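Mapped onto my numbering, the consecutive letters of the sequence shown carry residue numbers 2 to 222.
Positions of the beta carbon are idealized from the N, C-alpha and C atoms, including for glycine.
Since we're looking at a predicted model, the values are computed, not measured.
Take a look at the structure set out below.
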Amino acid sequence: MRIWDEYVTEEDKQAYAKYRSQDEVGWGERLAVLVVDLTYAFVDDRFSTGWNKTGKPCVENTASLLAAAREKRVPVIYVKGAQRPTKPQLGVWKSGDIHPKEANLEGLPEARDVVAELRPLPGDPVVEKSRPSAFFGTILPSVLNYYSPDTLIIAGMSTGGCIRATVVDAFSYNYRVIIPEQCVADRSPTSHKTNLWDIHMKYGDVVDMKDVKRYLAALSS
Numbered sequence: 002m003r004i005w006d007e008y009v010t011e012e013d014k015q016a017y018a019k020y021r022s023q024d025e026v027g028w029g030e031r032l033a034v035l036v037v038d039l040t041y042a043f044v045d046d047r048f049s050t051g052w053n054k055t056g057k058p059c060v061e062n063t064a065s066l067l068a069a070a071r072e073k074r075v076p077v078i079y080v081k082g083a084q085r086p087t088k089p090q091l092g093v094w095k096s097g098d099i100h101p102k103e104a105n106l107e108g109l110p111e112a113r114d115v116v117a118e119l120r121p122l123p124g125d126p127v128v129e130k131s132r133p134s135a136f137f138g139t140i141l142p143s144v145l146n147y148y149s150p151d152t153l154i155i156a157g158m159s160t161g162g163c164i165r166a167t168v169v170d171a172f173s174y175n176y177r178v179i180i181p182e183q184c185v186a187d188r189s190p191t192s193h194k195t196n197l198w199d200i201h202m203k204y205g206d207v208v209d210m211k212d213v214k215r216y217l218a219a220l221s222s
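Structure, rendered in structure tokens:
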């Protein structure tokens with residue numbers, strides 16, 4: 002039983018079965034972890050984009066994942082929102098001229114901070130982005146070139162927005178993509194589950210966090 006089964010019809014399954022020849026992309030040889038937008042603006046209910054109900058469990062699970070990754074010296078790269086003081090930098094959002102996340106930031110500088118439970122360690126790269134994808138207009142490709150991974154483990158929020166956009170771009174750069182199911186979250190259960198299904202059908206492997214940790218544990222230090 003997969004998390005998306007309640008939403009996937011037989012017609013959906015048949016449409017993908019017609020062209021899919023394998024169930025998994027699988028692991029490569031060199032790993033890196035991307036932590037996307039696990040900041041207070043997404044996890045904390047004080048902000049219009051924040052959602053404690055799903056954000057907090059995602060943070061707890063990601064903390065456990067990072068501990069396992071660091072034990073094996075797997076690089077951890079953080080991605081968070083950049084300052085966007087002008088309308089051209091903000092972009093055209095469905096909410097109007099000012100994205101709601103920006104409107105709530107005055108007097109709350111911690112909004113863009115990675116939550117305390119996941120605080121970057123000295124030496125961890127922190128990449129700032131202005132659009133949903135962690136790749137679009139950022140130095141992330143350069144950072145990844147430094148580590149030379151072939152597999153990206155992606156965690157964060159939100160599944161239907163920044164995670165999906167980052168996954169599609171990671172796929173487009175020819176990375177193997179692994180999504181630990183319990184380490185991504187969304188405000189909408191429907192968006193979360195259907196996007197995980199679509200990601201698993203097209204762009205990467207959505208797997209149980211326990212399987213990811215088991216794989217990491219088997220790596221040589």
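- Looking at the unbroken beta strand (DSSP E) that takes in LEU35, where does it start and where does it end? 32-37
- Query: If you run the structure through DSSP and keep just helix, strand and coil, what is ILE140?
  - Reply: coil
- Item | Nearest-angstrom Cα separation, counted from PHE136 out to LYS88 | 21 Å
- Task: Tell me, please, which residues DSSP counts as bridged to MET158.
- Result: ALA186
- Task: Express the C-alpha separation of ARG31 and ASN146 in angstroms, rounding to a whole number.
- Result: 12 Å
- Query: Three or more beta-carbon pairs under 8 Å between the stretch 159-168 and the stretch 187-204, yes or no?
  - Reply: yes
- Can you give the Cα-Cα distance for LEU217 and ARG71, rounded to whole angstroms? 10 Å
- Message: Could you tell me the alpha carbon to alpha carbon distance between LYS73 and GLU12, rounded to whole angstroms?
- Response: 42 Å
- Query: Just the Cα atoms here: how many angstroms apart are LYS130 and TYR8?
  - Reply: 32 Å
- Would DSSP call LEU181 helix, strand or coil? The sequence as given places Pro at residue 181; Leu does not occur at that position. Three-state result, PRO181: strand.
- Based on Cα-Cα distance, which residue from GLY27, LYS19, LYS14 and ALA18 lies nearest to THR152? GLY27
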